[in-house]
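Working notes, beginning with the structure itself.
2 protein chains.
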Amino acid sequence: MSPRTISKIAKELEINIETIRFYERKGLIDQPEKPAQGYRHYPDETLDRIRFIKRAQELGFTLDEIQNLLSLNDHPCGQVQALAEYKLSAVKAKMADLQRLDKALEELLSQCRRNDDDTHCPIIDSLQPK
Amino acid sequence: MSPRTISKIAKELEINIETIRFYERKGLIDQPEKPAQGYRHYPDETLDRIRFIKRAQELGFTLDEIQNLLSLNDHPCGQVQALAEYKLSAVKAKMADLQRLDKALEELLSQCRRNDDDTHCPIIDSLQPK
DNA sequence: ATAAGCTCCGTACATTGGTACGGAGTCAAG
DNA sequence: CTTGACTCCGTACCAATGTACGGAGCTTAT
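From first to last, the protein sequence lines are chains R and A.
Each residue of the first sequence is one higher than the one before, counting from 1 in the numbering used here.
Each residue of the second sequence is one higher than the one before, counting from 131 in the numbering used here.
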């Protein structure tokens, strides 16, 4: 079996080589030893770790938070839970923001739709200081 | 009445002086002429324009979009409306994203709460590649 | 008239998650 | 053995929205 070089795993994971190097620089994954001759090759653990990272990103965690999660591996569930609770409350707060925004935009747009004078716009009016 | 220098309007609008300069560089507001001697002073229109910008930001528009909105002043309501519709759909999409996220986190957390073995964590497990 | 405080200007830095570039080394195929 | 592809490494750059800094000039109060 041929050793897995960086481009192999990039292809396998469908991410950019540069992204892998970026994770290495960030300390999210270990950079494999560079052999006396030849290129570095990447063990299974690195692949798994990157998959972990990508899944956590889909859950909305930042790379810093993921680093935290990774270090919490084999640590009390309570700590992981706390981080997730925190993230959940941030998500809820952001949703509330967006809901306010949605409401405001809907109201403005409904005014526009009722407006038959195309030369002035209720949205512009609402933004204009009195 | 004393002329309004940049720090006066910054205080009045409760924003940073640097932010005003930043808007000038971005072309969102005009930089007043520099008088033969003394400092620039800022007319009412600039204040109003910055208030417009701030309100539009609260509606979730980016500075680029706001520049667009400002140029649409006195232009057909239809164009403004289109921009607002576009923004509204982006808001709804983002909300849907967050809702998925919220659901996923809630489910994981409820597994944590049901978990009485503090040495392993369902969240970590779920992120771990099989 | 001098010091304190403000303005002006250009530039660099911060954040987050990467992407791009350039040169040197290395490897595999022909 | 040469050519093309790949790696390695450091550094610079992207978006978006500001914030910070440093030095020089100007104003205002004492």
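Glycine residues also receive a C-beta, built at the ideal position from the N, C-alpha and C atoms.
Please read all numbers here as calculations on a predicted model, not as lab measurements.
I need the straight-line Cα distance from A:K141 to A:P206, nearest angstrom please. Approximately 35 Å between the Cα atoms of the pair.
Positions along the stretch 80 to 99 of chain R whose CB lies within less than 8 Å of some CB in chain A: Flagged, chain order: V80, Q81, A84, E85, K87, L88, V91, K92, K94, M95, L98, Q99.
Could you check what DSSP says for R:A36 in three-state terms: helix, strand or coil? Looking at R:A36 - three-state DSSP - the assignment turns out to be coil, as it is neither helix nor strand.
Give me the chain A residues within the contact set of R:H120, using Cβ-Cβ distance strictly less than 7 Å, ordered along the chain. Residues of chain A passing the Cβ test: C207.
According to DSSP, simplified to helix, strand and coil, what is R:Y42? Three-state DSSP puts R:Y42 in coil, outside helix and strand.
Within 8 Å, do at least three Cβ pairs link the stretch 205 to 220 of chain A to the stretch 230 to 240 of chain A? Between the stretch 230 to 240 of chain A and the stretch 205 to 220 of chain A there are fewer than three C-beta pairs closer than 8 Å, too few to call the two in contact.
With 16 as the cutoff for other CB atoms within 10 Å, does R:A84 come out buried or exposed? Burial call: buried.
Quick one: what does DSSP say A:Q258 is sitting in, helix, strand or coil? Under the three-state reduction of DSSP, A:Q258 is assigned to coil, being neither helix nor strand.
Distance, Cα to Cα, A:L177 vs R:H120? About 22 Å.
Where the stretch 102 to 117 of chain R meets chain A: residues whose CB sits under 9 Å from a CB there: Here the close residues are D102, A104, L105, E106, L108, L109, C112, R113, N115, D117.
For R:T5, which of R:Y39, R:L108, R:E65, R:Q128 has the nearest alpha-carbon? Of R:Y39, R:L108, R:E65, R:Q128, the residue nearest in Cα terms is R:Y39.
A:R179 and A:I159 closer than 8 Å at C-beta: Yes, the pair counts as a contact, with Cβ atoms nearer than the cut-off.
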